[in-house]
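Each residue of the sequence shown is one higher than the one before, counting from 1 in UniProt numbering.
Working notes, structure below.
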Amino acid sequence: MKERPNTNKITIYDIAQALGLSASTVSRALQNNPLINEETRTKVQDAAASMGYVPNWIASSLRKKRSNILGLIVPRTSMYFQSTAISGIQHEAHKYGFSIVIGQSDETVAMEKELAHTFFSLRVDGLLASSSMFTTNIDHFSPFIKNNIPLVFYDRVPLDFPGYTITGDDFKGGYLATEHLIKQGCKRIAHFSGQLTCNLYQQRLAGYKAALAKYKIPYDESLLYVHNLTLDAGAEAARQIFAGKELPDGLFAANDSSAVAFIQEARKVGIDIPGKIKVVGYSNDLSSRIISPSLTTIEQSGYKMGEKAVETLVQLINKEEKIKIVKNYVFEVELIPRESSAL
């Protein structure tokens, strides 16, 4: 019988001895290997929990040359879209037997660089990322590319990234939002945009401009407000608009938070929404449903996008050449009409 390593930590050999099983059976049971029947798996896992067994993932990953961990970089976990995408990512990753480690860039390139370096050092099997508003190149992701570690961007994608991406149809979303306002009678439509270094906001602005052009409404740059799309930034932009000589009759905001802030500020100064100004947001946040009036918005399927991002990444990790992986997958978007843009 092979001697158990001399350590104070509980090992699979301790569990095997306690249950009268082989170490290999215990190891397989702890990994939910289908070759081990459910009764034995449950018995081993219960014993491991009661004995305080902690698996050595580092040693395991060195043996297998795989960590079964995926890195995930997001701008802010507090964003509704990102929180729903993370739920989809977590669900799909678990289905494939992967764990997720999440890092938040907080909309800074410096933190994004630090997280990319950390995840590379941790030897994750693959990396999912949604870039900051200010990311303009992918130099800090080059270790993944150069070492053939799968990398997939979703939602926000650096403009020079040549690899696999999962996005929504942001041009169409901007177009649908603006066209809807025009069809509701709006002729002077303001636009709240995120930083135009970011693909999302470039595309949503392009859709806004395209709808104006189709309906022969001149584009007025003074109606474009570029900011970080937070509640505070949206409120400040609203105050600037209300202090002006001529109010817009419509607003397309590139996210729901800034649209909600606009509605709240309008209420403070007695401007009727939608009577005086009609408003459309983007993302279908929970806040869009509980604000009064309820917010017309664009649905962009965060949960499904997260699932698709993991599916793509896992196929790349497993080198599933027989499966045709779509390099640039685009989700459809949908206008959800509510009270804020009603006639």
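Ideal Cβ positions, reconstructed from N, Cα and C, are used throughout, including at glycine.
Note that the structure is a prediction, hence the values are computed from the model and not measured.
DSSP-derived helix/strand/coil call for residue 193 = Indexing the sequence shown from 1 puts residue 193 at position 193. Correct three-state label for residue 193: strand.
For the stretch 107–167, which segments carrying the beta strand (DSSP E) assignment without a break, of at least 3 residues, lie completely within its bounds, in sequence order?
-> Complete beta strand (DSSP E) runs here, min 3: 126–129, 151–154.
If we ignore side chains and look at the alpha-carbon of each, how far apart do residue 188 and residue 250 end up?
-> Mapped onto the sequence shown, residue 188 falls at position 188. Mapped onto the sequence shown, residue 250 falls at position 250. Each residue's Cα considered, the two are about 6 Å apart.
By Cβ distance, which residues of its chain are closer than 7 Å to residue 104, with the 5 residues on each side in sequence left out?
-> Looking up residue 104 in the sequence shown gives position 104. Excluding sequence positions up to five before and after residue 104, its CB lies within less than 7 Å of the CB of 74, 76, 77, all in the same chain and listed in chain order.
Residue closest to residue 284, alpha-carbon to alpha-carbon, out of 338, 133, 319, 343 | On the sequence shown, residue 284 is found 284 positions in, with the first residue counted as 1. Checking every option, the nearest Cα to that of residue 284 belongs to 338.
Does the Cβ-Cβ distance between residue 204 and residue 154 come in under 8 Å?
-> The residue you call residue 204 lines up with position 204 of the sequence shown. The residue you call residue 154 lines up with position 154 of the sequence shown. Judged by beta-carbon spacing, residue 154 lies beyond the 8 Å limit of residue 204, meaning their Cβ atoms are not closer than that value.
Assigned secondary structure, residue 328 (DSSP; H/G/I helix, E/B strand, else coil) | Counting from 1 along the sequence shown, the entry for residue 328 is found at position 328. Of the three classes helix, strand and coil, the one that applies to residue 328 here is strand, per DSSP.
First and last residue of the beta strand (DSSP E) that includes residue 252?
-> For the purposes of this step, residue 252 is taken as the residue at position 252 of the sequence shown. In the DSSP annotation of this structure, the continuous segment of the beta strand (DSSP E) that includes residue 252 starts and ends at 250–253.
Nearest-angstrom Cα distance between residue 252 and residue 343?
-> For the purposes of this step, residue 252 is taken as the residue at position 252 of the sequence shown. For the purposes of this step, residue 343 is taken as the residue at position 343 of the sequence shown. Rounded to whole angstroms, the separation of the alpha carbons of residue 343 and residue 252 is 16 Å.
Check whether the Cβ of residue 17 lies closer than 8 Å to any Cβ atom in chain B.
-> Of the protein chains in this structure there is only one, and it is not chain B.
Ordered list of alpha helix (DSSP H) runs contained in the stretch 192–243, each at least 4 residues = Positions of the alpha helix (DSSP H) runs, each at least 4 residues long and wholly inside the stretch 192–243, are given as 199–214, 231–242 in order along the chain.
Residue 274 to residue 140, Cα distance in whole Å?
-> Taking the first residue of the sequence shown as position 1, residue 274 is located at position 274. Taking the first residue of the sequence shown as position 1, residue 140 is located at position 140. Their backbone Cα atoms lie some 45 Å apart in a straight line.
Cβ shell of residue 334 (< 6 Å), same chain only, five flanking positions each side left out | In the sequence shown, the residue the question calls residue 334 occupies position 334. Correct list, in chain order: 299.
Which of the three DSSP states, helix, strand or coil, is assigned to residue 296?
-> Here residue 296 refers to the residue found at position 296 when the sequence shown is read from its first residue. Three-state result, residue 296: strand.
Could you tell me if residue 22 is buried or exposed, where buried requires 16 or more neighbouring beta carbons within 10 angstroms of its beta carbon?
-> Reading the sequence shown from its first residue, position 22 is the one you call residue 22. Per the 10 Å Cβ criterion, exposed.
Roughly how many whole angstroms lie between the Cα atoms of residue 227 and residue 121?
-> The residue given as residue 227 occupies position 227 in the sequence shown. The residue given as residue 121 occupies position 121 in the sequence shown. If you draw a straight line from the Cα of residue 227 to the Cα of residue 121, it comes to about 34 Å.
Using a Cβ-Cβ cut-off of 7 Å (strictly less than) and excluding sequence neighbours within five positions of residue 215, which residues of its own chain qualify?
-> As a working note, residue 215 is residue 215 in the sequence shown. Answer for residue 215: 182, listed in chain order.
Residues of its chain near residue 198, where Cβ-Cβ distance is below 7 Å and the 5 sequence neighbours each way are ignored | Translated into positions along the sequence shown, residue 198 becomes position 198. Contacts found: 133, 156.
Tell me whether residue 104 sits in a helix, a strand or coil according to DSSP, three-state version.
-> As a working mapping, residue 104 is identified with position 104 in the sequence shown. If DSSP states are grouped into helix, strand and coil, residue 104 belongs with the strands.
Let me know the secondary structure DSSP gives residue 246 once reduced to three states.
-> Walking along the sequence shown from the start, residue 246 turns up at place 246. DSSP places residue 246 in coil when its eight states are reduced to three.
Are the beta-carbon atoms of residue 208 and residue 178 separated by less than 8 Å?
-> Along the sequence shown, read from residue 1 onward, the residue named residue 208 stands at position 208. Along the sequence shown, read from residue 1 onward, the residue named residue 178 stands at position 178. Between residue 208 and residue 178, the CB-CB gap stays under 8 Å.
Residues sharing a beta bridge with residue 74, DSSP = Working through the sequence shown from its first residue, we reach residue 74 at position 74. For residue 74, the pairing in a beta bridge is given by DSSP as 104.
Give the straight-line distance between the Cα atoms of residue 9 and residue 19, rounded to the nearest whole angstrom.
-> As a first step, residue 9 must be located in the sequence shown, where it is residue number 9. As a first step, residue 19 must be located in the sequence shown, where it is residue number 19. Between residue 9 and residue 19, the C-alpha separation is close to 17 Å.
Should residue 320 be labelled buried (16 or more other beta-carbon atoms within 10 Å of its own) or exposed?
-> Along the sequence shown, read from residue 1 onward, the residue named residue 320 stands at position 320. Exposed.
Where does the unbroken alpha helix (DSSP H) through residue 260 begin, and where does it stop?
-> In the sequence shown, the residue the question calls residue 260 occupies position 260. Looking at the DSSP string, the run of the alpha helix (DSSP H) that includes residue 260 is 256–268.
Which class does residue 9 belong to by DSSP, given the choice of helix, strand or coil?
-> Taking the sequence shown and counting its residues from 1, the one referred to as residue 9 is at position 9. In the structure shown, residue 9 sits in coil (DSSP, three-state: anything other than H, G, I, E or B).
DSSP state of residue 283 mapped onto helix, strand, coil = For the purposes of this step, residue 283 is taken as the residue at position 283 of the sequence shown. Coil, per DSSP.
Collapsed DSSP secondary structure at residue 335 in the structure displayed = Within the sequence shown, residue 335 is the residue found at index 335, counting from 1. Reduced to three states, the DSSP call for residue 335 is strand.
Mark residue 301 as exposed unless 16 or more other C-beta atoms lie within 10 angstroms of its C-beta, in which case mark it buried.
-> Taking the sequence shown and counting its residues from 1, one reaches residue 301 at position 301. Under this definition residue 301 is a buried residue.
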